[in-house]
Every structure is written in C-alpha cells, then in structure tokens.
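Trainee: Below you'll find the structure I mean.
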Amino acid sequence: MAYSEKLIDHYENPRNVGSMDKNETSVGTGLVGAPACGDVMKLQIKVTADGIIEDAKFKTFGCGSAIASSSLITEWVKGKSLDEAGSIKNSQIAEELALPPVKIHCSILAEDAIKAAIADYKTKNGQVEVEAAE
Amino acid sequence: MNELKAKPIYLDYQATTPTDPRVVETMLPYFTEKFGNPHSRNHSFGWEAEDAVEVARDQVAKIIGASSKEIIFTSGATESNNLALKGVMKFYGKKKPHLITVVTEHKCVLDSARHLEQEGFKVTYLGVKDNGLIDLEQLKAAITDETAIVSVMAVNNEIGVIQPLKEIGEICRERGVFFHTDCAQAVGKIPLDVDEMKIDLMSISGHKIYGPKGIGALYVRRRPRVRVIAQITGGGQERGMRSGTLPTPLIVGLGKACDIAMNEMAEENARIMELRDYTMKRFRDRLADIYLNGDETQRVAGNLNVSFAYVEGESLLMDIKNIAVSSGSACTSASLEPSYVLRALGVDEELAHTSLRIGIGRYTTREELDQAIDSICVAVERLREMSPLWEMAQEGIDIKSIEWAEH
Numbered sequence: 001m002a003y004s005e006k007l008i009d010h011y012e013n014p015r016n017v018g019s020m021d022k023n024e025t026s027v028g029t030g031l032v033g034a035p036a037c038g039d040v041m042k043l044q045i046k047v048t049a050d051g052i053i054e055d056a057k058f059k060t061f062g063c064g065s066a067i068a069s070s071s072l073i074t075e076w077v078k079g080k081s082l083d084e085a086g087s088i089k090n091s092q093i094a095e096e097l098a099l100p101p102v103k104i105h106c107s108i109l110a111e112d113a114i115k116a117a118i119a120d121y122k123t124k125n126g127q128v129e130v131e132a133a134e
Numbered sequence: 001m002n003e004l005k006a007k008p009i010y011l012d013y014q015a016t017t018p019t020d021p022r023v024v025e026t027m028l029p030y031f032t033e034k035f036g037n038p039h040s041r042n043h044s045f046g047w048e049a050e051d052a053v054e055v056a057r058d059q060v061a062k063i064i065g066a067s068s069k070e071i072i073f074t075s076g077a078t079e080s081n082n083l084a085l086k087g088v089m090k091f092y093g094k095k096k097p098h099l100i101t102v103v104t105e106h107k108c109v110l111d112s113a114r115h116l117e118q119e120g121f122k123v124t125y126l127g128v129k130d131n132g133l134i135d136l137e138q139l140k141a142a143i144t145d146e147t148a149i150v151s152v153m154a155v156n157n158e159i160g161v162i163q164p165l166k167e168i169g170e171i172c173r174e175r176g177v178f179f180h181t182d183c184a185q186a187v188g189k190i191p192l193d194v195d196e197m198k199i200d201l202m203s204i205s206g207h208k209i210y211g212p213k214g215i216g217a218l219y220v221r222r223r224p225r226v227r228v229i230a231q232i233t234g235g236g237q238e239r240g241m242r243s244g245t246l247p248t249p250l251i252v253g254l255g256k257a258c259d260i261a262m263n264e265m266a267e268e269n270a271r272i273m274e275l276r277d278y279t280m281k282r283f284r285d286r287l288a289d290i291y292l293n294g295d296e297t298q299r300v301a302g303n304l305n306v307s308f309a310y311v312e313g314e315s316l317l318m319d320i321k322n323i324a325v326s327s328g329s330a331c332t333s334a335s336l337e338p339s340y341v342l343r344a345l346g347v348d349e350e351l352a353h354t355s356l357r358i359g360i361g362r363y364t365t366r367e368e369l370d371q372a373i374d375s376i377c378v379a380v381e382r383l384r385e386m387s388p389l390w391e392m393a394q395e396g397i398d399i400k401s402i403e404w405a406e407h
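Residue numbers (UniProt numbering), protein chains in the order written: chain A, 1 to 134; chain B, 1 to 407.
The following block contains the structure:
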C-alpha cells in the first residue's frame, strides 16, 4: 500500500511514545480498540490545573496507519484545552495523513482515544463526565 | 530502517518463485525458432513442438509417479482445481451430488465449492485440528454414498503443513470416492506418488516450483478412469478435457522445472530445512512470546509461519520493508479479516494479526536470513516498546481479562 510521506514519518519516528502513571489525578487515560480487531490504542494526557493538556503519550498495537494516527494526535492535543482537544475530528487526521479509505477506522480510533482520555480525566477530577464515543 | 537502498531479500517462496535460469534456457528456443503449434499435424514445425510438449508431459508425470497420458496442461493450479472439482461434480453429480473439502484449502478450491453449492451440490467443509491437519475419523464420518470426491490439499500455502495423503487416499479408495489433492505447494517439495497415495486427481502449478507463471497441470487417473466435464471448450485438445493451443514454451519450462526438482529435491530440502530450523532457533533465542503456527514436524521445509505476539503484522511489514514476506494480519488483506487459515487452527484472532509467513527457497542464503532475522527482531522489539498489549503483558495483566469494545 502506498502511504504518504507524513504517515511514514510518523510511523518511523513516532512522537510521544510512552506511558504516564494512570493513577495520578492529573492524568487521563483512554484505551480503545480490541486486540482481536488488530488495533488497540492507549492515549494518555496530563492536564494542568487550568485545564490545558501539557503532555500526551501513546502506545499503539496496530498497523502503520494506527501508529501514525496516534502519534499525530498526541502532537495536536498538546497545549490545547480539553474542549479544543475533544473537538478534533477523525477526518482532520485522515486528511493530514492522507489515509487510504480502508484505513479511515484508524483515525476514528484516535478520535475515540482522545475522547476517552478526556472523559477519564474529567471523571477522576469530579467534572461532568462526557460520553466517550463508542 | 533506511533499508530502501539495501538489496531486497525475497522470503516469500510460497507466493511465487523465480524461474530457474536452467528452465528459462530450455524455454527460449520455443519462443523463436521452434515456435510451431503443437497441434499442427502436417508439418515439421508442429511435430517439433509436439515432441517438446510430450517430453515435458513425461517429466511432469514422472515426478508424481504417473503416466504421461494422465497429464492435462492448464493455465495453473487455480484452473486445475476448478476443472477437478467442477469437472467431476458435473459428470458424476447427478448420482453423487456431495463433495468434501477442508476449511483451510486455497481460495480457488473453496470458491469452486461455493459455486457448486449455488448450483445445488452439497459440500462438507472439514475443520482442522490445532496443528492444521485434518482428523481422519471426521473424514470417514463425512463420506456418504452420495459423495463423489474428496479434495484435500497436500501442503498448505500459509502454514506449510502436510496432510496425510496416503491415509486419505486409502479411505477414499475403500469407499469408492475420488481423491483430489491440490499439490501446488507440494510438487518438488515432498515425495509424491499417485499410485502409492491413491490419488485420482492432482493439481500442479508451474511458478511455485521455479517454473514459469501461467502454466500448470491436472493429473487425471486413467485406471480406474476418472471423467471430467471440460470447463473450457473448443478444439478438443488435451483429450477433450481442456481446449486451447498448448503454450509450448511454458510447458517445456514446467517439464524442466519438474525434472530439476526431481533430481535435486532431497539435497535441496535438507539445506532448506536446516536454514528454517536455524531461523526459528534464532527467533526463539532472542524473542519471547513467539509461536509457530501449524504442525512443527509435519511441515514442508521452506515454510515458517510465526506469530510475534503483541506486534501487529502490517506494522511489522512496514518496518522491514526490504524483506519480502507476507502476513496473516487483517490489514494486509483487502477484506480486513485476519487469515482464515490461522483462525481455522484456533489461533486467537489477536495472534493471527501478528503472524508472518517466511518462505525459504532455492536461492535463499544464510547471510540473507541473518539479515532478515536481525531486521525482524529489531522491528519486533521496537514495536513492542510501542505496544500497549506488550506493556500490559509485562505488568502481568491478562489481555483476555479486559472487556474490549470490538469495533
């Protein structure tokens, strides 16, 4: 499959690979996907007291597009407010990486992952829970 | 990475093989000076081509212990499988409308069976044990008075396991049922004898055995006689079973490929098997949580199918892009389904996504394998560092205990 240069760059030099302590109150964790489907994304955000994402980390089991999508979204959410990060659409990811049609689900998974991480953070911090996308 | 400039390493011998230069050399005159139509009966150009075809027919027959009169040339194993199944069912199907095959067969067998089902024939698909082999008792139980033919492949294209042909042949002969076997991956790789194994029809491929693409053969037993209804009609060539002008150069190539394979199989297998065992040992020495798919010993020399747990197959292929292997991962298939062969073995879906098929063949060197093993290990280690499943496994979390949202 022919992939875009941006996608290959994110795959070969993924940004923000790693884990944070999921028990810390400032950390929100999203774990989406399923091993049987061939992709699982773990996305974590560290949020400042005034609601800004100061750091983001990911680990992904999945194809090159899934790895690139998660790498890209960790770059995008850093410095954003929770609302801004939560409004990132999968189509923006798909467009940026020029994902082929059969790989669109990878970008959907990345959108789900950030939403799940935000929801986890809000739950932990007693804020109104937002529905994580299915 | 940065391996694009490096010479690519071919480890996908089950997909296809390069044509042996000795085969090409034998073929060449039949494109130019010896270009006659083997069916031209009234001049020397035709006779010359016909002679060459008959030499090749004999070479193909020899490697499977058949008579040359029992070899029908086709365009490849796909056509042979179609002709064997559809041809037999359409001839015998009125009285015996039942066909038995196996869930791990090649798509062209399964798809032929599906088409026959749509036409009203009955098909039984046998499952396999977790080592990829069929259960002979299940086969016995599946045969009825209405069964016309049993079709079981000799060597599986994905996992390389060798089915017990002789035992299957015995069972079929005893019950008066024809035995067809797809030997695309078996000819030249394991010893075959149609009489000893009681095989009635056998599909053969050229390009899997260092011959050219676009040529294959179907063995059709003469005693007791097996009848097939032609699927391609016309001038009535190949004893009416397959019309069309015979492609002399391709046939000469297939013959030569069989001839070479017959003479060199024992030596070549020993060398390839050593390379395969060496490769598996090096993987096992360096990496934890890897699994060989398919029976460890009932297996053709050149096939390794390995699951590298916690690393998805397509991402692994992307990382080792100068190495040509294939994967059972969903992401490498158009259907987005993981390998149906691995699933039939009961391999967990998540492990099916992590499998690589490494095919070792005539031109594979130890140096190439060393390079490939290193690249694969480095890639697996890198991707595991990136894998949340690997992280969970290291923390002692059973990934099966988590309720995943299937999507």
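Cβ coordinates follow ideal geometry from the N, Cα and C atoms, glycine included. Here the structure is a predicted model, which is why all the values come from computation and not from measurement.
Could you give the distance in angstroms between the alpha-carbon of Leu383 (chain B) and the alpha-carbon of Leu31 (chain A)?
Mentor: Spanning the two alpha carbons is a distance of roughly 18 Å.
Trainee: Where does the unbroken beta strand (DSSP E) through Lys42 (chain A) begin, and where does it stop?
Mentor: Residues 39-47.
Trainee: Using CA coordinates, which residue listed in B:Val55, B:Pro388, B:Ala393, B:Tyr278 is at the minimum distance from Gly33 (chain A)?
Mentor: It is B:Pro388.
Trainee: In the DSSP assignment, the alpha helix (DSSP H) including Thr74 (chain B) goes from what residue to what residue?
Mentor: Here Thr74 (chain B) belongs to no alpha helix (DSSP H); instead the beta strand (DSSP E) covers 71-74.
Trainee: Mind checking the segment 296-329 of chain B against chain A and listing, in chain order, the residues whose C-beta falls within less than 9 Å of any C-beta there?
Mentor: Residues Tyr310, Val311, Glu312, Gly313, Glu314, Ser315, Leu317, Met318, Asp319, Ser329.
Trainee: Should residue 419 (chain B) go down as buried or exposed, given a rule of 16 or more other Cβ atoms within 10 Å for buried?
Mentor: Residue 419 (chain B) falls outside the range modelled here, since chain B spans only 1 to 407, and no answer is possible.
Trainee: For Arg57 (chain B), does the three-state DSSP call read helix, strand or coil?
Mentor: The answer is helix: DSSP assigns Arg57 (chain B) an H, G or I state.
Trainee: Pull the bridge partners of Ser205 (chain B) from the DSSP assignment, please.
Mentor: Looking at the DSSP assignment, Ser205 (chain B) forms a beta bridge with B:Gly216.
Trainee: How would you list, in chain order, the residues of chain A whose beta-carbon sits under 7 Å from the beta-carbon of Leu389 (chain B)?
Mentor: The contacting residues are Pro35, Val40, Phe61.
Trainee: Give me the chain A residues within the contact set of Ala405 (chain B), using Cβ-Cβ distance strictly less than 8 Å, ordered along the chain.
Mentor: What Ala405 (chain B) touches in chain A: Val32, Gly33, Ala34, Glu134.
Trainee: Exposed or buried, what is Gln185 (chain B) when buried is set at 16 or more other beta-carbons lying within 10 Å of its beta-carbon?
Mentor: Buried is the call here.
Trainee: Taking a contact to mean a Cβ-Cβ separation below 8 Å, would you say Gln231 (chain B) touches Gly87 (chain B) in this structure?
Mentor: Yes.
Trainee: Identify whether Glu196 (chain B) lies in helix, strand or coil by the three-state DSSP scheme.
Mentor: Three-state DSSP puts Glu196 (chain B) in coil, outside helix and strand.
Trainee: Can you find a C-beta in chain A that's less than 8 Å from the C-beta of Pro338 (chain B)?
Mentor: Pro338 (chain B) counts as touching chain A.
Trainee: Which bits of chain B does residue 146 (chain A) rub up against, with CB to CB less than 7 Å?
Mentor: Examination of residue 146 (chain A) is not possible in this model, given that chain A is present from 1 through 134 alone.
Trainee: Using a Cβ cut-off of 8 Å, which residues of the segment 67-83 of chain A contact any Cβ in chain B, in chain order?
Mentor: Of all residues in the segment 67-83 of chain A, Ile67 have a Cβ within less than 8 Å of some Cβ in chain B.
Trainee: Spatial neighbours of Leu287 (chain B) within its chain, please: CB distance less than 8 Å, with the 5 preceding and 5 following residues excluded, ordered by chain position.
Mentor: The residues are Phe308, Cys377, Val380, Glu381.
Trainee: Rounded to whole angstroms, what's the CA-CA distance from Ser44 (chain B) to Pro97 (chain B)? Just pull it up for me.
Mentor: Computed Cα separation, rounded: 46 Å.
Trainee: Less than 8 Å between the C-beta atoms of Gly79 (chain A) and Ile52 (chain A), yes or no?
Mentor: Yes, Cβ-Cβ distance for Gly79 (chain A) and Ile52 (chain A) is below 8 Å.
Trainee: Would Thr364 (chain B) and Leu11 (chain B) qualify as a contact pair, given that the criterion is a beta-carbon distance under 8 Å?
Mentor: Cβ atoms of Thr364 (chain B) and Leu11 (chain B): closer than 8 Å.
Trainee: Is the distance from the Cβ of Leu165 (chain B) to the Cβ of Ala217 (chain B) below 8 Å?
Mentor: No, the pair does not count as a contact, with Cβ atoms beyond the cut-off.
Trainee: Report the three-state DSSP secondary structure of Asp285 (chain B) (helix, strand or coil).
Mentor: The answer is helix: DSSP assigns Asp285 (chain B) an H, G or I state.
Trainee: Using a Cβ-Cβ distance under 8 Å, would Glu267 (chain B) count as near chain A?
Mentor: No - not a single Cβ of chain A is within 8 Å of the one on Glu267 (chain B).
Trainee: Within the 8 Å Cβ cut-off, does Val17 (chain A) reach chain B?
Mentor: Yes, contact with chain B.
Trainee: Check whether chain A comes within 8 Å of Met153 (chain B), counting only Cβ atoms and requiring the distance to be less than that.
Mentor: By this cut-off, Met153 (chain B) is not an interface position.
Trainee: Would you tell me roughly how many angstroms separate the C-alpha atoms of Cys183 (chain B) and Met265 (chain B), rounded to the nearest one?
Mentor: Each residue's alpha carbon lies about 15 Å from the other.
Trainee: For a test of the three-state rule: what should DSSP assign to Phe35 (chain B), helix, strand or coil?
Mentor: Residue state, collapsed to three classes: coil.
Trainee: Using a 10 Å radius around the Cβ and a threshold of 16 neighbouring Cβ atoms, would you call Ile402 (chain B) buried or exposed?
Mentor: The residue in question, Ile402 (chain B), is exposed, as its Cβ has fewer than 16 Cβ neighbours within 10 Å.
Trainee: At least one CB of chain A closer than 8 Å to the CB of Glu349 (chain B): is that the case?
Mentor: Output row for Glu349 (chain B): interface = yes.
Trainee: Got a sec, what are the start and stop residues for the alpha helix (DSSP H) Lys59 (chain A) sits in?
Mentor: Looking at the DSSP string, Lys59 (chain A) is not in any alpha helix (DSSP H); the run it does join, the beta strand (DSSP E), is 53-61.
Trainee: What first and last residue would you give for the beta strand (DSSP E) that runs through Gly29 (chain A)?
Mentor: It is Thr, not Gly, that sits at residue 29 (chain A) in the sequence shown. Residues 27-34.
Trainee: Excluding the five sequence neighbours on either side, which residues of its own chain have a C-beta within less than 7 Å of the C-beta of Met20 (chain A), listed in chain order?
Mentor: Hits under 7 Å: Val27, Gln44, Lys46, Lys57.
Trainee: Hey, does Met386 (chain B) have any beta-carbon neighbour from chain A nearer than 8 Å?
Mentor: True, the Cβ-Cβ gap to chain A drops below 8 Å.
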